[in-house]
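Data first, discussion second: the structure below is written as structure tokens.
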Amino acid sequence: MLFTTPLFFFKYNYQPDWLEDPEVQKMILDVDKSRVLGNGAIESPVMGIIAPVSLSGGVKVLILIDKVSDRVFNASNCGDDCASWLLRIGQKKDVTVNLRHIMNFGNEPFELEVVNTGEIVRNMDELIPVAGRYV
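Letter 4 of the sequence shown, counting from 1, is numbered 7 in the working numbering, and no numbers are missing.
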């Protein structure tokens, strides 16, 4: 897998049909509070009508993680509002991301492997001491 800077990668590799995916549309609505109007236009409550490249860094990273399987993306652009989507994508496929902060994945059980150690964690109480060694 190749490690890729997501915002630069999104700008030059974004595919218009990605926005036709209902899950991507839900992601954009949930995280950015924006509505997809078509494959080239998004209605943002803050910025008006925007192009996909103007979405937040977090949503762009989530879309890339969902749509591009042969890369490891830096999910540090994602805030805690992206955590549930990372878990959701991870339930569909094996996902590896670079994360340089301890993301709050909430109180519900989950399962993550911290690649640095190979440890499997199942909740925030287990994640914090393991991930805290690296961020």
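Glycine residues also receive a C-beta, built at the ideal position from the N, C-alpha and C atoms.
Only a predicted model underlies this, so the values are computations on that prediction, with no experimental measurement involved.
If you measure between the beta carbons of residue i and residue j, is that distance less than 8 Å?
{"i": "Val34", "j": "Ser59", "result": "yes"}
{"i": "Val118", "j": "Ile68", "result": "no"}
To the nearest angstrom, how far is it from the Cα of residue i to the Cα of residue j?
{"i": "Thr120", "j": "Ile66", "result": "27 Å"}
{"i": "Ser87", "j": "Val133", "result": "20 Å"}
{"i": "Gly41", "j": "Asp24", "result": "11 Å"}
{"i": "Tyr137", "j": "Ser79", "result": "13 Å"}
{"i": "Lys70", "j": "Met106", "result": "21 Å"}
{"i": "Gln94", "j": "Val39", "result": "24 Å"}
{"i": "Lys63", "j": "Phe108", "result": "19 Å"}
{"i": "Val124", "j": "Asp73", "result": "24 Å"}
{"i": "Asp20", "j": "Met127", "result": "35 Å"}
{"i": "Ile45", "j": "Lys36", "result": "10 Å"}
{"i": "Leu102", "j": "Pro48", "result": "28 Å"}
{"i": "Leu89", "j": "Ile131", "result": "17 Å"}
{"i": "Leu22", "j": "Glu129", "result": "35 Å"}
{"i": "Asn77", "j": "Pro9", "result": "7 Å"}
At what residues does the alpha helix (DSSP H) containing residue i begin and finish?
{"i": "Ile45", "result": "Looking at the DSSP string, Ile45 is not in any alpha helix (DSSP H); the run it does join, the beta strand (DSSP E), is Ala44 to Ser47."}
{"i": "Asn16", "result": "Pro9 to Asn16"}
{"i": "Ile66", "result": "Gly60 to Lys70"}
Over the uninterrupted beta strand (DSSP E) stretch that includes residue i, give me the two end residues.
{"i": "Glu122", "result": "Glu122 to Val124"}
{"i": "Phe113", "result": "Where Phe113 is concerned, there is no enclosing beta strand (DSSP E), given that its DSSP letter is neither H nor E."}
{"i": "Val39", "result": "Arg38 to Gly41"}
Which same chain residues, not among the five before or five after residue i, have their C-beta less than 8 Å away from its C-beta?
{"i": "Met50", "result": "Ser57"}
{"i": "Asp83", "result": "Met106 and Asn107"}
What residues in its chain sit with their C-beta under 6 Å from that of residue i, if we drop five residues either side in the sequence?
{"i": "Tyr17", "result": "Pro55"}
{"i": "Gln28", "result": "Val39"}
{"i": "Glu122", "result": "Val133"}
### Query
Is the region 10-25 touching the region 45-60, taking contact as three or more C-beta pairs under 8 Å?
Three or more Cβ pairs closer than 8 Å define a contact, and the region 10-25 meets that threshold against the region 45-60.
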